[in-house]
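Q: Right, I'll just put the structure down here and ask away after.
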Amino acid sequence: MGDANTTNLKASLFLSFAKISLFTFGGGYAMIPLIEAECVEKKKWITHDEMMNITVIAESTPGPIAINCATYVGYRQAGLPGALTATFGIILPAFAVIYLISLVFTDFLSLTLIANAFKGIKIAVGLLIVNAGITMIKKMHKKAFSYAIMLTSFAVMVCVNIFSWRVSSVYIMLAAGLVSLVMSTISSAKAHNNEKEAEK
Amino acid sequence: MIYLDLLLGFLKVGCFSFGGAYSAIPLVRDVVLSYGWLNDEQLTYLIAVSESTPGPIMVNMATFVGSTQAGISGSILATFAVVLPSFAVIIVLMAFLETALKNKYVQAILRGLKPSIIGIILATGVYMVLRNCLSAGVSVDYKNLITTILLVGIMLAYQKVTKKQLSPIMLICFSACIGAVVYGLP
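Sequences listed follow chains A and B, in order. Going letter by letter, the first sequence gives residues 1 to 200 in my numbering. Going letter by letter, the second sequence gives residues 1 to 186 in my numbering.
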C-alpha cells in the first residue's frame with residue numbers, strides 16, 4: 001500500500017461521486033440506483049447488503065440521502081479523508097450548476113415566455129409534493145398509531161399554513177417523536193408489569 | 001448577521017430533514033419565509049430549479065439561497081451548513097452503527113418522527129395546490145385551476161398506461177409548456 005494507491009483511491013472516490021451527482025436530477029431516491037451501479041457493481045467498494053443498510057440508515061438519519069451514502073462509502077474505503085473526498089465530490093457539481101443559475105435567474109424570469117412557463121411549473125411543484133406525500137404513505141407502516149401521528153401532524157401543519165401561526169414544523173416533528181417515545185415506554189412498562197403479575 | 005442566519009437556518013434544515021428531499025421542503029419553507037429570504041412564489045421556482053438541476057435538492061436549495069442573500073461566501077456557508085449534520089451523523093454512527101439504530105428508544109422516536117414528516121409534507125403540498133387555485137382564499141384562479149387539472153390528468157394517464165410514475169423532470173417540462181400556452185393567452 002503506497003501513497004500512490006491511496007491518492008488514486010481518493011481521486012476515484014471523488015470522480016465517481018461527482019459523476020453520480022452530475023447525472024441525477026431530482027436528488028434523493030433517484031440517486032440510489034446510480035450509487036448502487038457505481039459503488040456495488042462497478043467499483044465493488046461495498047456489497048449489495050451494505051447498500052441496503054445504507055439506504056435504511058440514510059432514511060433514518062437527517063440530511064440529504066446522497067450525502068449519507070457518499071460519507072459512508074468514502075469512510076469505509078479511506079477513513080475520514082475518504083469520507084471528505086466523496087462528500088465533496090457529490091456536492092461540487094450540484095453547487096456549481098446552481099450557483100451559476102442563481103446569478104442570472106432574476107434576469108431570466110423577466111422574459112415573458114419564461115415567466116409564463118414558470119407559472120405552470122409552480123403548479124407542478126405543488127403536485128409533486130402532494131405526490132411525494134402519497135407515495136410515502138403507501139410505504140408507511142400500516143398501524144393505527146402511525147396514521148394517528150400522520151393525520152395529527154397534517155392537521156396541525158394545515159392550520160399553521162392557513163392561520164400563519166409562527167410554529168416551526170421542527171416542533172411538530174419533535175412533539176411526535178416525544179409522544180412516540182412516551183407511548184412505547186408506557187406500553188413496555190405495562191408489558192413488564194403483566195409479566196411480573198403472571199409470575200405471581 | 002446574514003452569515004450567522006444562513007448557518008443556523010440551514011443547519012436546522014440539515015438536522016431535521018429525515019427521508020429525502022421532500023421532507024426538507026417544509027423546513028426550507030419555514031426558514032426562508034421566517035427570515036424573509038424568499039416568498040412562497042420564489043420558493044416554488046427554487047424547488048423546480050432544484051428538481052431540474054443535477055445533485056441533491058437540499059444542496060441546490062442551500063446554494064441558491066446563500067448565493068442570492070450573500071454572494072459566493074453565503075452559498076458556500078449555506079451548503080456547508082446543510083451538509084454538515086448528515087456527514088457528522090454518519091461518521092459518528094460508523095463506530096456503533098447497527099446497535100444505535102436498533103436501540104429501542106431511537107426506534108420509538110423514529111416511529112413517531114417518520115409519520116409526522118409525511119403529514120407535514122402532505123399538508124405543505126395540499127396547501128400549495130389549494131393556494132394556487134384559490135386566489136386570496138375566495139375567488140377561483142381559472143388559469144391555475146385549468147393547469148392543475150391538465151397536469152393531474154397527465155400524471156394519472158401516464159401512470160395508467162405505463163404503470164410507472166411520471167418523473168418529476170418530465171412533469172416540470174410538461175408544466176412549463178402548458179404554462180407558456182395558458183398564461184400567454186389573453
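Glycine included, each C-beta is placed from N, C-alpha and C at the ideal position. As the structure is a computational prediction, the values presented were derived from the model and not from experiment.
Can a CB atom of chain B be found closer than 8 Å to the CB of residue 171 of chain A?
A: Taking the first residue of the first sequence as 1, we reach residue 171 of chain A at position 171. With 8 Å as the cut-off, residue 171 of chain A does not count as an interface residue toward chain B.
Q: By the 9 Å beta-carbon criterion, what residues does the stretch 123 to 137 of chain A contribute toward chain B?
A: Flagged, chain order: 123, 124, 125, 126, 127, 128, 129, 130, 131, 132, 133, 134, 135, 136 and 137.
Q: For the stretch 103 to 181 of chain B, list the beta strand (DSSP E) runs that are entirely contained and at least 3 residues long, ordered along the chain.
A: The stretch 103 to 181 of chain B contains no whole beta strand (DSSP E) run of 3 or more residues.
Q: What is the DSSP secondary structure of residue 18 of chain B, reduced to helix, strand or coil?
A: Taking the first residue of the second sequence as 1, we reach residue 18 of chain B at position 18. Here residue 18 of chain B sits in strand by DSSP.
Q: What separation, rounded to the nearest whole angstrom, lies between the Cα atoms of residue 89 of chain A and residue 21 of chain A?
A: What you label residue 89 of chain A is simply residue 89 of the first sequence in a count that begins at 1. What you label residue 21 of chain A is simply residue 21 of the first sequence in a count that begins at 1. Approximately 8 Å, taken between the alpha carbons.
Q: Is it buried or exposed, residue 1 of chain A, if we count other Cβ atoms within 10 angstroms and call 16 or more buried?
A: As a working mapping, residue 1 of chain A is identified with position 1 in the first sequence. Note on residue 1 of chain A: pLDDT 45, under 50, position unreliable in the model; the coordinate value appears next. Residue 1 of chain A comes out exposed.
Q: For residue 109 of chain A and residue 172 of chain B, what's the separation of their Cα atoms in angstroms?
A: Walking along the first sequence from the start, residue 109 of chain A turns up at place 109. Walking along the second sequence from the start, residue 172 of chain B turns up at place 172. Spanning the two alpha carbons is a distance of roughly 16 Å.
Q: By DSSP, does residue 14 of chain A sit in helix, in strand, or in coil?
A: Residue 14 of chain A sits at position 14 when you count from the first residue of the first sequence. Note: residue 14 of chain A maps to helix in three-state DSSP.
Q: What residues in its chain sit with their C-beta under 8 Å from that of residue 146 of chain A, if we drop five residues either side in the sequence?
A: Counting from 1 along the first sequence, the entry for residue 146 of chain A is found at position 146. Correct list, in chain order: 140.
Q: Closer than 8 Å between beta carbons: that is the criterion. Which residues of the stretch 81 to 95 of chain B meet it against chain A?
A: Under the 8 Å Cβ criterion, the stretch 81 to 95 of chain B contributes 82, 83, 85, 86, 87, 89, 90, 91, 93 and 94.
Q: Apart from the five residues just before and just after residue 165 of chain A, which ones in its own chain have a Cβ nearer than 7 Å to its Cβ?
A: Counted from its first residue, the first sequence places residue 165 of chain A at position 165. Hits under 7 Å: 159.
Q: Can you list the alpha helix (DSSP H) stretches of 4 or more residues lying completely in the stretch 18 to 55 of chain A, in chain order?
A: Segments of the alpha helix (DSSP H) lying fully in the stretch 18 to 55 of chain A: 32 to 35.
Q: In chain order, which continuous runs of the alpha helix (DSSP H) of length 4 or greater are located wholly inside the stretch 64 to 145 of chain A?
A: Runs found: 65 to 109 and 112 to 139.
Q: Taking a cut of 7 Å between CB atoms, which residues from the stretch 56 to 78 of chain A lie near chain B?
A: Within the stretch 56 to 78 of chain A, the qualifying residues are 57, 59, 60, 61, 62, 63, 64, 65, 66, 67, 68, 71, 72 and 75.
Q: Any idea what DSSP makes of residue 26 of chain B, helix, strand or coil?
A: By 1-based counting over the second sequence, the position of residue 26 of chain B is 26. The answer is helix: DSSP assigns residue 26 of chain B an H, G or I state.
Q: How many whole angstroms separate the CB atoms of residue 112 of chain B and residue 133 of chain A, which I take to be in contact at a CB cut-off of 8 Å?
A: Numbered from its first residue, the second sequence carries residue 112 of chain B at position 112. Numbered from its first residue, the first sequence carries residue 133 of chain A at position 133. Actually they are not in contact, since the Cβ atoms of residue 112 of chain B and residue 133 of chain A sit about 17 Å apart, beyond 8 Å.
Q: Would you kindly report the start and end of the unbroken alpha helix (DSSP H) that includes residue 45 of chain B?
A: Looking up residue 45 of chain B in the second sequence gives position 45. First-last of the alpha helix (DSSP H) with residue 45 of chain B: 40 to 52.
Q: Would you call the stretch 64 to 82 of chain A and the stretch 34 to 53 of chain B in contact, with 3 or more CB pairs under 8 Å?
A: Not touching, per the Cβ criterion.
Q: Tell me, which residues are paired with residue 62 of chain A by DSSP?
A: The residue you call residue 62 of chain A lines up with position 62 of the first sequence. DSSP, once it has assigned bridges, lists B:18 as partnering residue 62 of chain A.
Q: Is the CB of residue 86 of chain A under 8 Å away from at least one CB in chain B?
A: Here residue 86 of chain A refers to the residue found at position 86 of the first sequence. Cβ-Cβ to chain B under 8 Å: no for residue 86 of chain A.
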